[in-house]
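Numbering (the working numbering), first residue to last: 222 to 632.
To start, the structure under review is shown below, and the notes come after it.
Laid out in structure tokens, this is it:
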């Protein structure tokens, strides 16, 4: 398959953008965990950890064991919390054993055909019990695999529709962004785990050494706070999902040379998903990676039509808005619906021979990514430099770790 230099450049830019966001959040958190651990070890070695010194009055060996156990427990708790979140996100993501063998074979043939066109070995195809007509690319035994739901096998899809679905999933594999192996999923889990561990270690060194050491750890939480507070950055992960779906559609259209069938398939599956009565947990992470993202949130999801006088401004009287009763803001289902519209518009442009601008990297975002990474690096360097600054014959670290209250009590 010849994707083209423009698409290849977009893939590189997408991955670079993902790595930039990951570095912005994960690097200071990981650095904060490591710095907290080093602070603790150095303070103990210099006799500046009052808690360790108090326990050492009874037994040095006991003090060492207590601190090792505490640190190991903190790492274990963070790891367990991540595993619990992964299990919650995998809820209802299971293999279905009852399905039509002939339909399964037709999907396998479609997957094999588009895989060969992409220059890949056909990945294994699993039948999933997710209660919706859909498909997904995911990690299978350390390698990419493709899943198709049992309801999709029973939906009577045409050959072109099956090829369109499989081509889209193969495109995700080409991009390297598939469930349980993508930068998005790994980023969310790592950020959560490191965030918990960073807060725990910061609390430990603050209590065990001195409250002033917190001054060197707080700046490392600034990048995470910015990402959490900034509305644009908070939506970054979902926007990356959308961009990647658009790019996967573009690549799938090149694979099949049939953008019209892919567009019709997306629209058809969205319509079929409206009839789904099952309740997939809103926290289930795999929904963001399905062929048609359709989050089924807790409680009934209704569809209403706004008229021209509504507060939505430019929305017409034919605009469908999905919302959850009792919530002031539009639900995540509206974002999914808007994504479907954008994907359809993208493919409609391709049908007319107008290849979208999607593949061209945004120069402004490139500059923002570089500036973000540089700012994070500068913060980490400044923290190290600040600890070693000499002042009146001592380093700032010496002053920050001098627990005056503890020394007064001991004397």
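For every residue, glycine included, the Cβ atom is placed at its ideal position computed from N, Cα and C.
Exposed or buried, residue i, counting other C-beta atoms within 10 Å across all chains shown (16 or more means buried)?
i, result
"residue 604", "buried"
"residue 246", "buried"
"residue 564", "buried"
"residue 535", "Here the model assigns residue 535 a pLDDT of 43, short of 50, so the residue's position is not dependable, and the following value carries that caveat. Looking at its Cβ environment, which holds fewer than 16 other Cβ atoms inside 10 Å, residue 535 is exposed."
"residue 267", "exposed"
"residue 494", "buried"
"residue 315", "exposed"
"residue 348", "buried"
"residue 289", "exposed"
"residue 299", "buried"
"residue 473", "buried"
"residue 509", "buried"
"residue 590", "buried"
"residue 613", "exposed"
"residue 323", "exposed"
"residue 339", "buried"
"residue 409", "buried"
My output table needs one value for residue i: the three-state DSSP class, helix, strand or coil.
i, result
"residue 304", "helix"
"residue 513", "coil"
"residue 430", "coil"
"residue 440", "helix"
"residue 622", "coil"
"residue 340", "coil"
"residue 357", "strand"
"residue 347", "strand"
"residue 480", "helix"
"residue 365", "strand"
"residue 615", "strand"
"residue 240", "helix"
"residue 550", "Residue confidence is low: residue 550 scores 42 on pLDDT, short of 50, so the model does not pin down where it sits. No coordinate-derived value is stated."
Suppose the cutoff is 6 Å on Cβ atoms and the five residues either side in sequence are ignored; what does the same chain contact list for residue i look like?
i, result
"residue 244", "594"
"residue 620", "none"
"residue 511", "355 and 357"
"residue 394", "358 and 365"
Relative to the alpha-carbon of residue i, which residue among the options has its alpha-carbon at the smallest distance?
i, options, result
"residue 354", "592, 436, 374 and 267", "374"
"residue 366", "419, 398 and 378", "398"
"residue 328", "470, 315, 601 and 343", "343"
"residue 253", "620, 568, 590 and 440", "440"
"residue 241", "588, 622 and 620", "588"
"residue 465", "560, 350, 336 and 428", "560"
"residue 574", "274, 345 and 481", "481"
"residue 602", "322, 278 and 438", "438"
"residue 618", "322, 436 and 463", "436"
"residue 428", "271, 361, 234 and 606", "271"
"residue 706", "322, 369 and 297", "Outside the shown range of the chain, which is 222 to 632, sits residue 706, and nothing can be said about it."
"residue 291", "468, 307 and 273", "273"
"residue 238", "600, 610, 514 and 585", "585"
"residue 331", "294, 476 and 615", "476"
"residue 261", "434, 334, 294 and 600", "434"
"residue 639", "610, 514, 442 and 507", "Since the first and last residues shown for the chain are 222 and 632, residue 639 lies out of range."
"residue 392", "335, 360, 346 and 350", "335"
"residue 557", "308, 293 and 463", "463"
Suppose the cutoff is 7 Å on Cβ atoms and the five residues either side in sequence are ignored; what does the same chain contact list for residue i look like?
i, result
"residue 211", "With the chain covering 222 to 632 only, the question about residue 211 has no answer from this structure."
"residue 645", "Here the chain covers residues 222 to 632 and nothing more, so residue 645 does not appear."
"residue 470", "389, 483, 564, 567 and 568"
"residue 251", "415"
"residue 486", "382, 385 and 386"
"residue 296", "418"
"residue 325", "348 and 374"
By Cβ distance below 8 Å, which residues in the same chain neighbour residue i in space, the five residues on each side in sequence not counted?
i, result
"residue 337", "343"
"residue 624", "269, 271, 430 and 431"
"residue 320", "348, 371, 374 and 375"
"residue 665", "This structure gives no information on residue 665, because the portion of the chain shown stretches from 222 to 632."
"residue 479", "381, 384 and 385"
Is there at least one non-hydrogen atom of the ligand FAD closer than 7 Å to the beta-carbon of residue i?
i, result
"residue 614", "Absence of the ligand FAD from the depicted structure is noted, as is the absence of any ligand whatsoever, leaving it without description."
Take every Cβ of the stretch 409-427, pair it with every Cβ of the stretch 382-401, and state whether three or more of those distances are shorter than 8 Å. no
For the structure I just gave you, are there three or more beta carbon pairs, one from the stretch 253-273 and one from the stretch 420-428, closer than 8 Å? yes
Counting Cβ pairs closer than 8 Å, one from the stretch 266-284 and one from the stretch 385-397, do we hit at least three? no
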